[in-house]
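Numbering (the numbering used here), first residue to last: 5 to 625.
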């Protein structure tokens, strides 16, 4: 049997039980690898219940700096009896099956292409520690120590991590350090040569950080000047608000120590977005965070904000839906629902972050765009990006930046218009780009007052149901949409080998997997496609240029119906035949191997690859 032998290039899957404290131990392992200078991708795959059901935690280390989920497993740490058979079957040939040998494996576990590594975790913990509550928690640290020994990993980094975690609780640090040493010593003594996977200190030169996207988005909102939050709890977006409240309690205090933000949990999602719209109409920077079911409930108010032209920011952390769906699984399934939310002819600005750094940057940008364009702006993250920790460029903020409040008339501006005998109109296009001027309540008791309503108004916010006025207003909103195309963050393009060859389009968390899959495609098949990463809707001119230049174009996304492909066809007028769809939507974080295999099959099917190019996925990936 050929054992997998790699240094700084492998995938380990921890198979545990939800609510057992394993996520903390697994995160300790992943963060320690990161602090060693390695490229790490950590994925927590957990059920929607509080405890008792299976959970998995995948840690990928890549010596090539790849940050996507790879696909395939080189070592399984199997400590959940419910999924023992599933975990055993999932292991790659040549891989390593780490299990709790306190209980014998079933007799039919007879694979000859893997290495069994049995460590009596339960017996060791029961002998070393007292207390039924403490033992399961410490067992997690024992297996982390044993895995470190198998990988010949410097255990000092793990010790430092425990020290940081329990810096304020030294009484808890002591048993955790003991458990770590216990597992490490057993692994070195009994299985020193069992595993050929190795960890060595990396040489990452960048100043990368490791954090989750929801925390980054919360900081983006805070730095953008948000002062009002209206929200209703929903997985996986709740931690956005929790992080915002946590940082606001440190960074948004007045001289007396009083909190200078309002965070209001509403009775439902409709009330939450209503609060946000009301606060923004009054001049505050306000936002909410939700997921797909919340978007459905908020749609009517989003339509009101679109037609009344009121700024609002909404962070949508997408999950598998609809309705209750699978709230702890990831997808990109809200694209069309957000783009055209509400009834009538509405179009909403969408932003698509790919990293925690972009969650920070694009959330902050959303507040400026919302006020400049006087419209709702939605940031579309997803559960994988939002709740998992990712290696990311550091968050950056220029303290010299000023908030872009858009076209807001103050009392002096209103007086100047009056002096010129010009009449201010709330929905009057004075600048030829579709964006009107607004006032904030209280600006002027006479000149700055207007009646806010939806579509049935004229340029001066007067009530009307005149068809001509309606058409005129809709045409102005269309012009504003064209203006928005030049204001939103542009798409990012990576050129391919051919100026007119195949092109790949992706967005959000699909990007890392698509980028790696493109490299594998070039290595395996000699084909290097261009890649366009969308960052915003409406689509800018660079998107139209990419679509014109490349044939075919393959849109990679995490939903069943190819929602982004439909949006591109609708908005860019491209013939459907020239745009292929590659959809992966099982709720798992997208894997580069799966993208690579699917791309190769699709290209072969459409005559873009020779039959002999259908070669070795396992070796290449």
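Just so you know, even glycine gets a beta-carbon here, dropped at the ideal spot from N, CA and C.
The model shown is predicted, which means the values in this text are computed figures rather than measured ones.
Cβ shell of residue i (< 7 angstroms), same chain only, five flanking positions each side left out
i	result
residue 255	226
residue 291	225, 230, 233, 280, 317, 318 and 319
residue 463	429, 431 and 432
residue 86	58
residue 83	19, 20, 104, 125 and 147
residue 346	303, 304, 306, 307 and 310
residue 35	165 and 214
residue 289	228, 229, 230, 231 and 371
residue 106	124, 125, 126 and 127
residue 469	460
residue 181	163 and 166
Sequence-distant residues of its chain with Cβ nearer than 6 angstroms to residue i (five each side left out)
i	result
residue 578	551
residue 16	63 and 79
residue 97	117
residue 540	355, 492 and 493
residue 26	20 and 144
residue 331	52, 239 and 323
residue 651	With the chain represented from 5 up to 625, any question about residue 651 goes unanswered, as that position is not in the structure.
residue 314	281, 284 and 285
residue 437	487
residue 473	462
residue 500	532, 533 and 534
residue 243	218
Classification of residue i by the beta-carbon crowding that lies within 10 angstroms, buried from 16 upward
i	result
residue 528	buried
residue 328	exposed
residue 60	buried
residue 597	buried
residue 5	exposed
residue 157	buried
residue 580	exposed
residue 471	exposed
residue 91	buried
residue 357	buried
residue 260	exposed
residue 406	exposed
residue 516	buried
residue 216	buried
Residue interval of the alpha helix (DSSP H) (run including residue i)
i	result
residue 151	138-154
residue 360	360-377
residue 238	Unbroken run through residue 238: none, as it is neither H nor E.
residue 545	545-553
residue 128	125-132
residue 510	That residue, residue 510, is in no alpha helix (DSSP H); its beta strand (DSSP E) goes 507-511.
residue 520	514-529
residue 568	567-576
residue 39	26-39
residue 162	160-169
residue 336	Here residue 336 belongs to no alpha helix (DSSP H), and DSSP marks it neither H nor E.
residue 61	Not the alpha helix (DSSP H): residue 61 falls in the beta strand (DSSP E), residues 58-66.
residue 415	415-423
Beta strand (DSSP E) segment containing residue i, residue limits
i	result
residue 9	9-11
residue 485	It is not in any beta strand (DSSP E) - residue 485 instead sits in the alpha helix (DSSP H) that spans 471-489.
residue 601	Careful: residue 601 lies outside any beta strand (DSSP E), inside the alpha helix (DSSP H) at 596-609.
residue 72	Per DSSP, residue 72 belongs to no beta strand (DSSP E) and is neither H nor E.
residue 345	Looking at the DSSP string, residue 345 is not in any beta strand (DSSP E), and its letter there is neither H nor E.
residue 98	95-104
residue 46	43-49
residue 82	77-82
residue 539	Counting along the chain, residue 539 falls outside any beta strand (DSSP E), and DSSP gives it neither H nor E.
residue 583	583-587
Residues near residue i by beta carbon distance below 8 angstroms, same chain, minus five either side
i	result
residue 350	306, 307, 310, 311 and 344
residue 200	7, 8, 9 and 10
residue 39	161, 164 and 165
residue 556	506, 507, 582, 583, 584, 610 and 612
residue 296	320, 322, 323, 325, 326, 329, 337, 338 and 341
residue 176	170
Nearest-angstrom Cβ-Cβ length linking residue i and residue j, presumed shorter than 8 angstroms
i	j	result
residue 152	residue 190	Not a contact, Cβ separation roughly 11 angstroms.
residue 29	residue 65	With 8 angstroms as the limit, residue 29 and residue 65 do not qualify as a contact, their Cβ atoms being about 17 angstroms apart.
residue 387	residue 333	7 angstroms
residue 399	residue 220	6 angstroms
residue 198	residue 119	6 angstroms
Any chain B beta carbon closer than 8 angstroms to residue i
i	result
residue 124	Going by chain labels, chain B is absent from the structure shown, which holds only one protein chain.
**OP:** Tell me the start and end of each unbroken alpha helix (DSSP H) in the stretch 251-319 that is at least 4 residues and wholly inside, in chain order.
**Re:** 273-285 and 296-312
**OP:** Just list the beta strand (DSSP E) runs in the stretch 185-218, keeping only unbroken ones of 3 residues or longer that don't cross its boundaries, in chain order.
**Re:** 200-202 and 213-216
**OP:** Go through the stretch 374-413 residue by residue and report every complete run of the alpha helix (DSSP H) that reaches 4 residues or more, in order.
**Re:** 387-391
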